[in-house]
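I have placed the structure first, in the form of structure tokens, so that the comments after it can refer back to it.
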Amino acid sequence: MKLLFIGDIVGKSGRDIVSSTLSSIREEYDLVIANAENSAHGKGITLKIYQQLRSFGIDYMTMGNHTYSKQMINEHMSEMDRLIVPYNHEKRTTDNYYKIIGCKGISICLCNILGSAFMSESNMEPYPAFEKILEETEKEKIDFYMVDFHGEATSEKRLFLEYFKEKAKIVLGTHTHVQTADADMIGDCAFISDVGMCGAYHSIIGRGIEETIEAYIRKNPSTYTIAEGPAIFCAVGIEIDEMTKRPASIERIRIKPKEN
Ligand SMILES: [Fe+2]
Ligand SMILES: [Fe+2]
């Protein structure tokens, strides 16, 4: 069984590159999951964008610290039943923080958890947060847990994997928007510190360069602007052995725009 996990989709450039890339590779995968926390102009998601991402062939979406950046999310949460939000987000209003997904005879529990280092939106450390999910799902038939660990610190992500490796067989970092080179099988667990982003290549992690210079260096008030232009596509492909029901391999996918 082959699974594709797509890193943080940032704004229109990100959505466009995901649409065009999936149109050629979607059929290679049995299950496609994406982090959509930045899909609506860099912050949050809307119902319309959720539906658009679903139409590209994305089966499930995870979120992050920007989950509640668009007010309407709470109104439409019941219509976005394939959206999984971080368990330990201070503004969480829904119990959609895990989903048990059946695919090719394998039962995967997909969860979304915020890291605690430099993450002001987190109201609980990631370790007790995941323990809560384990407790809640202990009677369910689950082959393994897959965690989108949305955090800033690489060390925290690896620590999480090492501590929970009996249960969490796939731990994928998101949030930094920069793909790390450490994708690997750690025993029978597939891991990467950060999957990277899908968004404008010439940008500051997806945000407009000039506007970010104004805001952070010249200290001039500016409007949050998403960069436009050719985009990078970042994801990981994971092969799951249908006999052992365990991940067998993980590969990094990082497609830079041709014209750059
Ligand atoms: Fe992000
Ligand atoms: Fe984030």
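168 is the number of the first residue of the sequence shown in my numbering; add one for each residue after it.
All C-beta atoms, glycine included, are put in the ideal place defined by N, C-alpha and C.
In this text the structure is predicted, and so the values were computed from the model without any measurement.
Residues whose Cβ lies closer than 6 angstroms to any heavy atom of ligand 1, listed in chain order: 175, 204, 205, 231, 342, 344. Pairing residue 252 with residue 288, the inter-Cα distance amounts to about 13 angstroms. Distances between the C-beta of residue 256 and the heavy atoms of ligand 2 are all 7 angstroms or more.
The residues 378, 381, 382, in chain order, have a CB closer than 7 angstroms to that of residue 389 in the same chain once the five nearest residues on each side in sequence are set aside. In terms of Cα proximity to residue 424, the closest of 210, 171, 187 is 187. Spatial neighbours of residue 363 in its own chain (CB-CB distance under 7 angstroms, excluding positions within 5 residues in sequence) are listed in chain order as 174, 344, 345, 346, 401, 421. Counting only runs of at least 4 residues, the stretch 221–307 fully encloses the following alpha helix (DSSP H) elements, listed from N- to C-terminal order: 240–243, 293–303. Residue 391 carries a coil assignment under DSSP once its states are collapsed to helix, strand and coil. The beta carbon of residue 211 is closer than 6 angstroms to those of 233, 236, 237 in its chain, skipping five residues each way along the sequence. Here residue 385 carries a coil assignment [DSSP, helix/strand/coil].
199 is the residue among 262, 239, 261, 199 whose C-alpha sits nearest the C-alpha of residue 220. Non-local C-beta neighbours of residue 197 in its own chain, meaning closer than 8 angstroms and more than five positions away in sequence, comprise 168, 169, 170, 270, 271, ordered along the chain. In the structure shown, residue 204 falls within a coil segment according to DSSP collapsed to helix, strand and coil. For the set 320, 268, 301, 273, the Cα lying nearest the Cα of residue 226 is the one of 268.
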